[in-house]
Each structure stands twice: as structure tokens, then as C-alpha cells.
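> Here's a structure for you.
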Amino acid sequence: VSTQSTWVCDQCDLELHCKSKLLEKHKRVSISEIQGNLTLSRCKEHPEMPIQLFDTVTLQPVCVQCKVLGSHSSGENMHHPLVAINDAYSENMLQLHQEREVINQKQARIRTQLRTIDERVRKVHANTNAVEKQLRTIINRVIERLQRETQSKLHLLLSDEAELRRQLHHFEWLDAFYKYQKEVDDPVEFLSSFRYYVSLIRNTPNEILETSPSVMEDIVIEGGLDIRSIAAAGGSYSPHDPSIYA
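Residue numbers for the sequence shown follow my numbering, beginning at 2 and rising by one.
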């Protein structure tokens with residue numbers, strides 16, 4: 002495990018960290034060492050006893066003394082399932098990895114949408130410049146309406162972009178929060194905050210904003226020295242169609 006909380010095998014560690022002057026400075030520890038540190042943590046109720054168990058109902062660490070004579074020796078807690086603290090840590094880390102895979106997929110979809118917006122913005126600008134050049138040879142007043150139509154299209158695209166960037170920032174914040182917890186908390190404290198972090202992930206929006214397909218680079222000159230948006234009128238657009246300039 003490196004300082005970036007990445008899981009690597011021995012071969013990857015050799016290829017990545019031992020051949021890079023930057024990466025070789027990263028601290029790596031074995032999984033067994035992390036799990037070993039769990040058993041070094043002491044029970045809050047019985048400081049002389051190491052934590053060995055984990056209550057899967059209350060999500061609390063438990064020592065043997067708790068089970069024999071303490072909080073889990075009677076009452077409702079007595080019937081709660083207990084698992085080894087190392088097993089609980091490994092299972093929760095696996096679940097967290099699966100949850101973060103969902104976040105990674107959503108981030109990838111957002112970035113794809115942003116690339117689409119960038120391309121559409123570029124094409125809308127290119128289309129606008131071509132039409133503007135033709136209009137200027139006839140009359141300047143038509144250019145004003147052309148710019149209004151363009152701004153309307155860009156407003157829709159950039160509004161979508163702002164919302165997508167907001168969602169992306171939210172997911173990046175979740176990722177930064179996770180890394181901060183990993184760096185600051187010891188494994189036992191991390192288990193205590195694990196449920197809160199997972200709830201944040203599950204409360205994120207399930208749907209990613211889809212950009213409007215009606216916004217296209219379709220402004221053309223038509224008879225009467227006016228402009229129109231072909232897609233808004235239900236037509237198809239071809240920049241090489243000579244009829245649009247008739």
C-alpha cells in the first residue's frame with residue numbers, strides 16, 4: 002500500500018516504485034502490517050485488553066473481556082454477531098472499493114459529457130463565424146439576431162456544463178474526504194466513520210445530466226436575410242447543402 006492508498010502487488014511495486022525517483026519516496030506497508038496494527042489497538046472499556054472482535058450490528062470494536070464480562074456478556078448485545086477485527090476491516094475495505102468503483106464510473110460519464118459539450122461549443126462557434134461572414138457582405142443588422150441565437154445555444158450548453166462540473170466537484174470532494182480519513186484515522190477510527198462515508202456515496206444523484214440533443218451547429222442563411230435553427234424547426238442539417246443559402 003502506498004501513501005496514495007493504492008493496493009499493489011509485489012510485481013507492480015517493483016515496476017512502479019523502484020523505477021521512479023518520485024514514486025520510490027512513497028511509503029509502502031504490507032496488508033498484514035495494517036491488519037496487525039488493528040490488534041495493537043486497545044479497548045476503551047478495558048485498556049489492558051487488545052481489540053480482537055467487531056460487532057456487526059452496532060459497528061463497535063470489542064475485546065474478549067467485553068464478551069465475557071462486559072457490554073456483550075448480557076442483554077441484546079450478547080446475541081450480536083461478532084467477527085474478527087481483521088476480517089471486519091478486510092470486508093469493509095472490499096465494500097468501500099466496490100462503492101468507489103461506482104463513483105469512478107460516474108466520473109467517467111461526466112467527463113465524456115464535458116468533452117461532448119466542448120466539441121459542440123467549438124462547432125457552434127465555427128458555424129457562427131461562417132454564417133456571420135456571409136451576412137456581413139449583405140447587411141450588418143442580421144448579425145445582431147445571429148448572435149442572439151448563438152448565445153441561446155451556448156447558454157443551454159454552458160448551463161449543462163456548469164451542472165456537470167458541480168456534480169464532478171461533488172464526487173471529487175467525496176474522494177478527497179476518503180483520502181483524508183485514510184491518512185488521519187487509524188483503522189479502528191476509520192471503521193467508526195465508514196458507515197457515514199458510505200451513506201454520503203449512496204446519497205449522491207443516481208442520474209447524470211444528459212445534454213440537450215436539440216442544441217446543434219445548425220444556424221444557416223435563408224431567403225429574406227434571416228437566420229433559423231434547423232434542429233428547432235424539425236429539419237436536418239448539412240453544412241454543404243446549397244439550398245440553405247438560396
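Even glycine gets a Cβ: it sits at the ideal position worked out from N, Cα and C.
Name the two residues that bound the continuous beta strand (DSSP E) containing Gln61.
61 to 63
> Check this for me: beta carbons of Cys64 and Pro51, under 8 Å apart or not?
yes
> Grab the span of the alpha helix (DSSP H) containing Ser230 for me, first residue to last.
Where Ser230 is concerned, there is no enclosing alpha helix (DSSP H), although the beta strand (DSSP E) around it starts and stops at 227 to 230.
> Based on the DSSP output, what are the partners of Pro48 in its beta bridges?
Paired residues: none, contrary to the question.
> Evaluate contact between the segment 206 to 220 and the segment 151 to 164, counting only Cβ atoms and requiring at least three cross-stretch pairs below 8 Å.
yes
> Thinking just about the alpha-carbon of each residue, which of Ser75, Ile118, Asn105, Ser72 is nearest to the one in Pro214?
Ile118
> Using 8 Å as the Cβ pair cut-off and three pairs as the minimum, do the segment 142 to 149 and the segment 107 to 125 touch?
The segment 142 to 149 is not in contact with the segment 107 to 125.
> Along the chain, where does the alpha helix (DSSP H) containing Glu162 start, and where does it finish?
That run of the alpha helix (DSSP H) goes 142 to 185.
> Whole angstroms are fine: how far does the CA of Ile209 sit from the CA of Arg101?
16 Å
> Taking the alpha-carbon positions, what's the Arg116 to Val189 distance?
41 Å
> Buried or exposed, going by whether 16 or more other CB atoms sit within 10 Å of the CB of Pro62?
buried
> Using DSSP with H/G/I as helix, E/B as strand and the rest coil, what is Ile1?
Outside the modelled stretch of the chain, which goes from 2 to 247, sits residue 1, for which no answer is possible.
> Applying the criterion that 16 or more other CB atoms from any shown protein chain within 10 Å of the CB defines a buried residue, is Leu95 buried or exposed?
exposed
> Where do the N-terminal and C-terminal ends of the alpha helix (DSSP H) with Ile202 fall, by residue?
188 to 203
> What residues match up with Glu223 in a beta bridge as DSSP calls it?
Looking at the DSSP assignment, Glu223 forms a beta bridge with Asp227.
> Under a three-way DSSP split, which group does Leu1 fall into?
Residue 1 lies beyond the residue range present for the chain, which begins at 2 and ends at 247; the question has no answer from this structure.
> For Ala89, which option in Tyr198, Phe191, Glu223 has the closest C-alpha, if you only look at C-alpha atoms?
Phe191
> By Cβ distance, which residues of its chain are closer than 7 Å to Val125, with the 5 residues on each side in sequence left out?
Scanning its chain for C-beta atoms nearer than 7 Å, with the 5 sequence neighbours on each side dropped, one finds around Val125 the residues Thr151, Lys154, Leu155, Glu218, in chain order.
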